[in-house]
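Count the sequence shown with this note's numbering and you get residues 2 to 208, in order.
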Amino acid sequence: MKYQILKQNWLVVLLGVVVGMVIFLWGQNNQSGGTPNAAEIGFAQDMSVHHQQAIEMSFLVREKTDNQEIRGFAFDIINTQANQRGMMLGWLDLWQQPMTTTGRPMMWMQAAMDTMDHSQMSSSFTSGAYMPGMATKAEMEKLVNVDALEAEKLFLELMIRHHQGGVMMAQGVIDRSDNEVVTRLAETMVNGQQAEINYMNELLTNY
Numbered sequence: 002m003k004y005q006i007l008k009q010n011w012l013v014v015l016l017g018v019v020v021g022m023v024i025f026l027w028g029q030n031n032q033s034g035g036t037p038n039a040a041e042i043g044f045a046q047d048m049s050v051h052h053q054q055a056i057e058m059s060f061l062v063r064e065k066t067d068n069q070e071i072r073g074f075a076f077d078i079i080n081t082q083a084n085q086r087g088m089m090l091g092w093l094d095l096w097q098q099p100m101t102t103t104g105r106p107m108m109w110m111q112a113a114m115d116t117m118d119h120s121q122m123s124s125s126f127t128s129g130a131y132m133p134g135m136a137t138k139a140e141m142e143k144l145v146n147v148d149a150l151e152a153e154k155l156f157l158e159l160m161i162r163h164h165q166g167g168v169m170m171a172q173g174v175i176d177r178s179d180n181e182v183v184t185r186l187a188e189t190m191v192n193g194q195q196a197e198i199n200y201m202n203e204l205l206t207n208y
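Below, the structure written as structure tokens:
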């Protein structure tokens with residue numbers, strides 16, 4: 002039964018990726034958007050991985066809890082981020098670039114991260130995570146193993162940090178790109194994820 006649930010979950014993700022790629026490629030049918038710069042390529046590669054973890058976390062909490070508010074919110078994250086991930090993979094395909102980085106993640110933002118102060122770094126990075134806001138392997142395992150109520154609280158805490166990192170990355174490419182398609186999606190991420198951070202902080206007051 003669990004295998005069947007997981008299989009159905011990943012069919013939803015696959016559908017979101019396909020839909021996102023179709024939307025992107027349809028919109029770009031008559032314009033290539035020019036030659037991408039290193040930041041645009043790096044952002045698409047790294048944010049695709051970043052989104053993938055958010056999708057995984059959302060599936061995990063949906064399997065742990067019967068709380069309809071949490072389940073509904075997690076489902077929204079799955080749909081939104083699977084669609085956005087599909088669009089970014091569509092860019093990479095159009096640009097004839099690898100789907101994942103061949104070097105260290107986040108090198109396209111390295112200069113900016115080198116100038117961040119300690120408080121900025123601590124809010125975005127966690128020891129053991131290799132992109133801003135991402136959960137560590139230990140944190141993902143904890144999300145699997147805790148009870149339903151604790152899973153809800155942990156999910157919100159991890160996703161707030163995950164979104165904070167995502168906002169930083171999206172703002173990073175906005176500052177480095179002149180490609181309207183890229184910056185439009187990144188601005189959508191900043192606005193959407195900031196609104197979700199505010200919503201999750203409200204939900205956390207219940208725990």
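Note that CB positions come from ideal geometry on N, CA and C, so glycine has one too. All values derive from a computational prediction rather than experimental measurement.
Inset, instruction - Given a cut-off of 8 Å, decide if M132 and H51 are closer than it, judged by their beta-carbon atoms. - result: For the purposes of this step, residue 51 is taken as residue 50 along the sequence shown, with counting starting at 1. For the purposes of this step, residue 132 is taken as residue 131 along the sequence shown, with counting starting at 1. Yes; because the gap between Cβ atoms is below 8 Å, this pair is in contact.
Legend entry - V50, enclosing alpha helix (DSSP H) - first and last residue: Start at 1 with the first residue of the sequence shown, and residue 50 comes out as number 49. Under the DSSP assignment, V50 falls in the alpha helix (DSSP H) whose first and last residues are A39 to K65.
Inset, instruction - Work out the CA separation of M48 and M170 for me, nearest whole Å. - result: For the purposes of this step, residue 170 is taken as residue 169 along the sequence shown, with counting starting at 1. For the purposes of this step, residue 48 is taken as residue 47 along the sequence shown, with counting starting at 1. Distance between the alpha carbons of M170 and M48 is about 8 Å.
Legend entry - Own chain residues within Cβ distance below 6 Å of Q54, not counting five before or after: In the sequence shown, residue 54 corresponds to position 53, counting from 1. These residues qualify, in order along the chain: M135.
Inset, instruction - Count the other C-beta atoms from every protein chain shown that fall within 10 angstroms of the C-beta of A83, then say buried if there are 16 or more, exposed otherwise. - result: The residue labelled residue 83 in the question sits at position 82 within the sequence shown. The residue in question, A83, is buried, as its Cβ has 16 or more Cβ neighbours within 10 Å.
Inset, instruction - Answer with yes or no whether the minimum CB distance from T103 to chain D is below 8 Å. - result: The displayed structure is made up of one protein chain only, and chain D is not part of it.
Inset, instruction - Under 7 Å Cβ to Cβ from W109, same chain only, skipping five residues before and after it: list those, please. - result: Along the sequence shown, read from residue 1 onward, the residue named residue 109 stands at position 108. A39, A40, G43 and F44, listed in sequence order.
Inset, instruction - Take P37 and list the residues in its own chain whose beta-carbon comes closer than 6 Å to its own, dropping the five residues that flank it on each side. - result: Locating residue 37 in the sequence shown gives position 36, where the first residue counts as 1. If we look at P37 and ignore the five residues flanking it on each side, its Cβ neighbours are W96.
Inset, instruction - Would you identify the three-state DSSP class for M108, choosing helix, strand or coil? - result: On the sequence shown, position 107 is the one that residue 108 refers to. Three-state result, M108: helix.
Legend entry - Alpha carbon of A149 to alpha carbon of M190, nearest angstrom: In the sequence shown, counting from the first residue as 1, residue 149 sits at position 148. In the sequence shown, counting from the first residue as 1, residue 190 sits at position 189. One alpha carbon belongs to A149, the other to M190, and they sit about 29 Å apart.
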